[in-house]
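Note sheet for the following structure.
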Amino acid sequence: MTYLSFGDRLPEGFFDGSVRRILELQRDNGAIPWYDGGVIDPWNHTEAAMGLATLGETEAARRAFRYLMDTQLEDGSWHGELGSAVPMDEEEQRFTGDEEDVPDPIRDTNFAAYIATGAWHHYLLDGDLSHLKTLWPHVKAAIDWVVAHQSPHGDIRWAADEPRTPEDDALITGCSSIYKSLECAIFIAQRLGEPSRHWAEARMRLGEALREKPHRFDRTWEPKDRFSMDWYYPVLAGVFTGQAARDRLASKWDIFVAEGKGCRCVLDQPWVTVAESAELCLALLVSGERKKAETLLSWIHQWRADCGAYWMGYQFENAVAWPDEKPAWTAAAVILATDAVIGMTPAAPLFSGRHLAEAAE
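Using this note's numbering, the letters of the sequence shown correspond one by one to residues 1 to 361.
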């Protein structure tokens, strides 16, 4: 097997195929589905836009943000997976009916919050304050909607309370991602001179819940601890830092990491996934384990397809790329991890640490 290490310089054109893959998936209205014929959700759509922006495809990324602005609901949320639960126009890939015609659509809090991460990342790349101001009303509406779903215990409900989502519960991975999005939202508010204390307080309570109240998560369904994201995402998001972060990653490293291959999606399957491996690189950076992050990143590139995009994952017992998909968000995750590790852009530090202390610290 050949592993690729870049030092501090990316080879010319290395991600051209990944960028082409995202651009060929992007619709005329800016929407970026998961893959050919796949659904669109605000989180993965934004991740793909961030990948494009990182490599200089600014206009394509801004079309993706315009899509978010155009499809945001009045209360600040979005429908979770456009194209499956929500009726869509085949050509334009956007919602076509009245809201009452949608059969109990899911509105995921984590998905809604991620616009703040995308907006702050984009600002770090180009420093365009006018664009940040354009996005601000949408970021504010989204984050206010998310924070409205926080319980008195600090956890944030996984989705809006609707007939299709009756489970009054919270997800470790989703809440960890929201914690990072709140950090970015607060930075945006501070940059624009807008109030953000209520968001800082919500973030502090959320961090406390994630660290100290495990009983608030997975209360009404099977625990998600067989998924690697529940293991590393609280570190990636900065909920745990320093030795606590290193201890958390060390505790399950041997069961989730396949040496020389990457990070498993679930502990009981011989399947490494590229996006999870890329995200684990970011978690390692946050914990201070740079050498491990560089090593893990070097393993990922063996799962690059001939076209230059990345397979979703690799089933190593059968020695096949599986599923037979090259998602936009997978390519973006690798791009963002590479930037964080080698420092290609001014946005590189965003995912390499927690940059905003909690109010109680």
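Even for Gly, the Cβ is constructed at its ideal location relative to N, Cα and C.
Asked	Found
For the region 44-72, list the beta strand (DSSP E) runs that are entirely contained and at least 3 residues long, ordered along the chain.	none
With a threshold of 7 Å on Cβ separation, who are the neighbours of R66 within its own chain once the five nearest residues in sequence on each side are excluded?	G30
Does DSSP put E162 in a helix, in a strand, or in coil?	strand
Between E53 and H138, which are expected to be in contact by the criterion C-beta below 8 Å, what is the C-beta distance as a whole number of angstroms?	This sequence places Ala at residue 53; Glu is not what is there. No, A53 and H138 are not in contact; Cβ-Cβ is about 17 Å, not under 8 Å.
Do the CB positions of A113 and A142 come within less than 9 Å of each other?	yes
State yes or no: is the C-beta of P234 within less than 9 Å of the C-beta of L210?	yes
For M441, is the classification buried or exposed, using 16 other Cβ atoms within 10 angstroms of its Cβ as the cut-off for buried?	Past the edges of the chain, shown from 1 to 361, lies residue 441, and the structure says nothing about it.
Within the same chain, show all residues whose beta-carbon is closer than 7 Å to that of V257, passing over the 5 residues directly before and after it, in chain order.	C263
L267: buried (16+ other C-beta within 10 angstroms of its C-beta) or exposed?	exposed
Mind checking which residues open and close the beta strand (DSSP E) that includes W78?	Where W78 is concerned, there is no enclosing beta strand (DSSP E), given that its DSSP letter is neither H nor E.
Per DSSP, which one or two residues make a beta bridge with I362?	No statement about residue 362 is possible, as the shown extent of the chain runs from 1 to 361 and does not include it.
In the structure shown, what three-state DSSP assignment does G118 receive?	helix
Buried or exposed: which applies to I255, given that a residue is buried once 16 or more other Cβ atoms fall within 10 Å of its Cβ?	exposed
Could you name the residues of the same chain whose beta carbon sits closer than 6 Å to that of G174, not counting the 5 residues immediately before and after it, in chain order?	N110 and W158
Return the chain-ordered list of same chain residues with a C-beta closer than 6 Å to the C-beta of M229, the five sequence neighbours on each side being excluded.	T173
Would you identify the three-state DSSP class for D98, choosing helix, strand or coil?	The predicted model places D98 with a pLDDT of 41, which falls under 50 and marks its position as unreliable; any figure quoted below should be read in that light. DSSP places D98 in coil when its eight states are reduced to three.
CB-CB under 7 Å to F217, same chain, minus the five flanking residues each way: which ones, in chain order?	D155, A170, L171 and I172
Taking the C-alpha atoms as reference points, what is the distance between E91 and D168?	With a pLDDT of only 40 at E91, under 50, the local geometry of the prediction cannot be trusted, and no value is derived from it.
Which word fits T345, buried or exposed, when buried means at least 16 other C-beta atoms lie within 10 angstroms of its C-beta?	buried
Beta-carbon separation of S18 and I335 under 9 Å?	yes
Can you check whether the CB of G56 is closer than 9 Å to the CB of A331?	no
Between G193 and A60, what straight-line distance do the alpha-carbon atoms span, to the nearest angstrom?	28 Å
By the three-class DSSP mapping on this structure, what secondary structure does Y35 have?	coil
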